[in-house]
Amino acid sequence: MDLDIVALSRLQFALTALYHFIFIPLTIGLSVILAIMETVYVMTGRTIWRDMTKFWGVLFGINFAMGVATGIVMEFQFGMNWSYYSHYVGDIFGAPLAIEGLMAFFLEATFVGIFFFGWDKLSKRGHLATTWLVAIGSNFSALWILIANGWMQNPVGAAFNPQTMRMEVTDFGAVLTNPVAQAKFVHTVSAGYTVAAIFVLGVSAWYLLKGRHVQLAKRSMTVAAAFGLAASLSVAVLGDESGYLASEHQKMKLAAIEAMWETEPAPAAFTAIGFPDEQARETHYALHIPMVMGLIGTRSLNTEIPGIAQLVERGELLIRDGIKAYDALQTIRAVPPGGVVPEEATAMFESKGPSLGYALLLKRYVDDPRLATPEQIARAARDTVPPVAPLFWSFRVMVGLGMFFILLTGTFFVLSVRRTLDAHRWLLKVAVFAIPLPWVAAEAGWIVAELGRQPWVIEGVLPTAVAVSNLGVTTLLITIAGFAAIYTVLLVIEMKLMLKTIRKGPEAHAPAALHVPPAVQPA
Amino acid sequence: MILHELISYETLRLIWWLLIGVLLIGFAVTDGFDLGTGILLPFAGKTDLERRIIINSIGPVWEGNQVWLILGGGAIFAAWPQLYAVSFSGFYLAMFVILVALILRPVAFKFRSKHEDASWRARWDIALFIGGFVPALIFGVAMGNVLQGVPFRFSDDMHIFYEGSFFGLLNPFALLAGLVSVAMLVMHGATWLQVKTEGAVAERARTFGSVAAIATVVLYAAAGVALWAMVDGYRITSAISVAGPSNPMFKTAEVAAGAWFANYAAHPWTWAAPVLGVAAPLLALVFLRLRRAVPALLASALGIAAIILSVGASMFPFILPSSLDPRASLTVWDSSSSHMTLFIMLVATTIFIPIIVAYTSWVYKVLWGKVDGQAIADGNGHAY
Chain R
31 MDLDIVALSR LQFALTALYH FIFIPLTIGL SVILAIMETV YVMTGRTIWR
81 DMTKFWGVLF GINFAMGVAT GIVMEFQFGM NWSYYSHYVG DIFGAPLAIE
131 GLMAFFLEAT FVGIFFFGWD KLSKRGHLAT TWLVAIGSNF SALWILIANG
181 WMQNPVGAAF NPQTMRMEVT DFGAVLTNPV AQAKFVHTVS AGYTVAAIFV
231 LGVSAWYLLK GRHVQLAKRS MTVAAAFGLA ASLSVAVLGD ESGYLASEHQ
281 KMKLAAIEAM WETEPAPAAF TAIGFPDEQA RETHYALHIP MVMGLIGTRS
331 LNTEIPGIAQ LVERGELLIR DGIKAYDALQ TIRAVPPGGV VPEEATAMFE
381 SKGPSLGYAL LLKRYVDDPR LATPEQIARA ARDTVPPVAP LFWSFRVMVG
431 LGMFFILLTG TFFVLSVRRT LDAHRWLLKV AVFAIPLPWV AAEAGWIVAE
481 LGRQPWVIEG VLPTAVAVSN LGVTTLLITI AGFAAIYTVL LVIEMKLMLK
531 TIRKGPEAHA PAALHVPPAV QPA
Chain P
1215 MILHELISYE TLRLIWWLLI GVLLIGFAVT DGFDLGTGIL LPFAGKTDLE
1265 RRIIINSIGP VWEGNQVWLI LGGGAIFAAW PQLYAVSFSG FYLAMFVILV
1315 ALILRPVAFK FRSKHEDASW RARWDIALFI GGFVPALIFG VAMGNVLQGV
1365 PFRFSDDMHI FYEGSFFGLL NPFALLAGLV SVAMLVMHGA TWLQVKTEGA
1415 VAERARTFGS VAAIATVVLY AAAGVALWAM VDGYRITSAI SVAGPSNPMF
1465 KTAEVAAGAW FANYAAHPWT WAAPVLGVAA PLLALVFLRL RRAVPALLAS
1515 ALGIAAIILS VGASMFPFIL PSSLDPRASL TVWDSSSSHM TLFIMLVATT
1565 IFIPIIVAYT SWVYKVLWGK VDGQAIADGN GHAY
């Protein structure tokens, strides 16, 4: 297996996923904010709320188009770049993706057209229903994608079939109710709400600073602050770290995030800050907060959290089990169809089969894992540690920003209750400069979740290095360069259009309000 | 769970073979007129207003229509994982080109009208043309290659090795299939414009549509003759277990001249598909000449469905034959998901497809009517 292909395939996936994830959180959150604004319009009949819905709707539309465009790439890439992955787990992983299309994306994409084109063709309630359906569609979409992703982190309800050489579903209910998927869904959707809330908050603050569209901006801020405060609290409280321990295999991710090199006596201390050193396997200048880690991780005072060194030792044992499973698998597969499989091979595969993936970790070093030297086994065990420093820092950036968002939205919530939103210009400036920060937090969150899963593409089942398609290096370089070029150009154009729309403000839509004679407006 | 055994594995595989056909047809019939309209854009619309009318005729629906493709991709992944893995990685660069075209399209719709500048708009018109033409051509080219067999094999642990090149895909028969695809989607787009527009745009669309309908019939007939004369089919040479495990390497198969016509000989009723593939576009032509827009659109849709079905009928039970190692060919009986997954996916599909059809129909009903200059002026900035 050529490592270059693996590295390039990973690079391309990371680039396209991080890029796609620029647009998705805003789509998820803004769709709900639009629905809230339009609900107020329908309930109160005040046309300013309709103008708000339309104005933020234009920004939503630009962003939505980018999300759709980059989403197709994500769906196709599994087959294009990860063909062994697609073969190996398509039986389970494909289903939530397909159901996402059936249940969510179709809804979202069909009604988004009528959201824009249906203002004059639908009754007020009819249009409101449309907007809610867009919001529900985009949130359901996140649910199914995270069920698929949750399964990559915690592959429940499936078993390996030696005859087809792939994982097959045994309990679809377990795939749906996967605790990791649940935690991820709540966490990711709340993060999307936070992104959108701070976007609306920041843009509105800019209008207040300029003294433009004051009424529209204040109302938008009120919605954004309340919605954002609830969302950012939910992100923090329901952080998906809670899901890590639900999965046996994700203990390594947790240990890496905390740079916990050795198991500590319970309850473990939390390293607030420090400089993880992967060579020396220690964290320099660490600032510890006693007991906090144990409480977060286990919700108890006496449960131990294993450290990296202990998890590597355990990994080595699992690799040795995996080799036994691999050997039994070869015996089973050598039997011609209809032949009799030796009982000890069946029994061995039954007991050690779940560790088969660990044998595949050796494929980087040796074609037949059964021929691995103790040295190679030790190296493969060390490979089970994801890159500690990037995880440690991404996690702290994410959490730190999360705390800031609670503070920011909380402050504006208080201001909106006191009706003094524009009283402090410096706070408005803070809100404007905070606009990009939720994206930083969201992308850092993606890095924590997906880099923390390495070296696995399916935790404990399939190593990333064996999951790739056998493509040429040149071919990969062409597509990476192609995606990078087209994505950069589009991002520049997208940002320009967003800024232009924001600068132009909602005036362009004001005449729409005049279509309805005041007499017909409900009070 | 034994619930899934209510329907036999064999039946589920057949249903899923048909459902992939339904999704492909759903995509070709709905997104097909979007692609065709995109190709016609520079030719049927001369002024900026005319082009905006054309774009807005598909403006509210293209997003939903494109989901058929996404759904098709997802369904192939879930129900035919090996087909998804082999075809998407094998046709890697072709898929990349399609992706670039499909990335440009949504963005072009959204961005084009945001600046008044003529050269800005001209650039996005080109993007929309490419976004229509390239996928239309490549989907046809891919179909042409599938009919000839694709050079892939499996290693012992089922890793896929594809040993063809991007330019190898562009062989004469495949290009002919690509042209069939372009012609039929242009015909379809033209009938759509006939329904949704009036005046100069509709008149030009009528002319282009008539030419495209004739081209569809001629090219499709030519492709049929070429398939018979030049392209060898495949057939299974071992006993096959229709409910066996999904492992293509458990069977043997071979290349055989005329094998792609064996089903037609064995089941003469299947001739209905190719016959309609010729007759329905001719019918669309007649309706276009008679200015009967809606019947023309329906005849065109029927023609597209029949052409796609004729390929399926010809190849069954093969889905993706391997020219390198015929044994590795993917068939209906040995490349599906597990029994349970096919059942679960069928339940999901049975619940959601009627719902999707219901709300999609409702949306088309709400948006019913011609798009003209007034409609765009009334768009309050939401029109493209």
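In order, the protein sequence lines correspond to chains R and P. Heads up: the first sequence begins at 31 in my numbering, then just goes up one per residue. Heads up: the second sequence begins at 1215 in my numbering, then just goes up one per residue. Every residue, glycine too, gets a C-beta built ideally from N, C-alpha and C. Remember, it's a predicted structure, so these values are computed and weren't measured experimentally.
Along the segment 63-76 of chain R, none of the residues has a CB nearer than 7 Å to a CB of chain P. For the 8 Å CB-CB criterion, R:Leu451 and R:Phe463 do not form a contact. Around the CB of R:Tyr315, fewer than 16 other CB atoms lie within 10 Å, so the residue is classed as exposed. Neighbours of P:Phe1310 across chain R, judged by C-beta separation under 7 Å: Thr509, Gly512.
Annotation note: the segment 104-182 of chain R contains the following uninterrupted alpha helix (DSSP H) runs of length 4 or greater, listed N- to C-terminal: 113-129, 136-147.
Chain-ordered, the chain P residues with CB closer than 8 Å to the CB of R:Glu130 read Gly1288.
Judged by beta-carbon spacing, P:Ile1590 lies within the 8 Å limit of P:Asn1270, meaning their Cβ atoms are closer than that value. The beta carbon of P:Leu1490 is closer than 6 Å to those of Ala1520 in its chain, skipping five residues each way along the sequence.
Ranked by Cα distance from R:Leu38, the first of R:Val522, R:Thr531, R:Val498, R:Arg533 is R:Val498. The beta carbons of P:Gly1235 and P:Gly1526 sit about 5 Å from each other, so the pair counts as a contact at 8 Å. Exposed is the label assigned to R:Gln245, since fewer than 16 other Cβ atoms lie within 10 Å of its Cβ. Residue range 1467-1470 is occupied by the beta strand (DSSP E) that includes P:Val1469. Under the three-state reduction of DSSP, P:Val1456 is assigned to coil, being neither helix nor strand. R:Glu105 reaches chain P at Ile1284, Gly1287, Gly1288, counting residues in chain order whose Cβ is nearer than 7 Å.
In the structure shown, R:Arg196 adopts extended strand secondary structure according to DSSP, grouped into three states. In its chain, beyond the 5 residues on either side, Arg1227, Trp1230, Ala1293, Trp1294, Ser1460, Leu1556 have a beta carbon closer than 7 Å to the beta carbon of P:Ser1550. Residue nearest to P:Tyr1578 within the set P:Met1444, P:Val1409, P:Gly1286 is P:Val1409 (criterion: CA-CA distance). P:Ile1221: not part of any alpha helix (DSSP H); DSSP gives it neither H nor E.
Classified as exposed, R:Trp456 has fewer than 16 neighbouring CB atoms from the shown chains inside 10 Å of its CB. DSSP places R:Asn208 outside both helix and strand once states are collapsed to three, so it counts as coil. Between R:Met525 and R:Val478, the C-beta spacing is not below 8 Å.
DSSP lists R:Glu198 as the bridge partner or partners of R:Ala189. For R:Asp357, the uninterrupted alpha helix (DSSP H) run begins and ends at 338-364, by DSSP.
R:Leu317 sits exposed, since fewer than 16 C-beta atoms from the chains shown fall within 10 Å of its C-beta. Restricting attention to R:Leu60, R:Ala286, R:Ser61, the CA atom closest to the CA of R:Arg483 is found in R:Ala286. With three or more CB-CB distances shorter than 8 Å, the segment 102-113 of chain R counts as touching the segment 1283-1290 of chain P. Around P:Asp1371, the beta-carbon contacts reaching into chain R at under 7 Å are Met195. At a cut-off of 8 Å between C-beta atoms, P:Gly1273 counts as an interface residue with respect to chain R.
Rounded to the nearest angstrom, the gap between the Cα atoms of P:Trp1334 and R:Lys84 is 25 Å. In this structure, R:Val216 and R:Ile177 do not form a Cβ contact; the two beta carbons are roughly 13 Å apart against a cut-off of 8 Å.
With respect to the 8 Å criterion, P:Ala1572 and R:Ala128 are not classified as neighbours on the basis of their beta carbons.
Taking C-beta atoms as the reference points, P:Ser1327 and P:Arg1266 count as a pair closer than 8 Å. In this structure, R:Ile532 sits away from R:Val265, with a CB-CB distance that is not shorter than 8 Å.
Contacts with chain R at 8 Å (Cβ-Cβ) include P:Pro1295.
The segment 63-74 of chain R makes no contact with the segment 40-54 of chain R; the number of CB pairs closer than 8 Å stays below 3. Between the segment 120-136 of chain R and the segment 1240-1256 of chain P there are fewer than three inter-stretch CB-CB distances shorter than 8 Å, so the stretches are not counted as touching.
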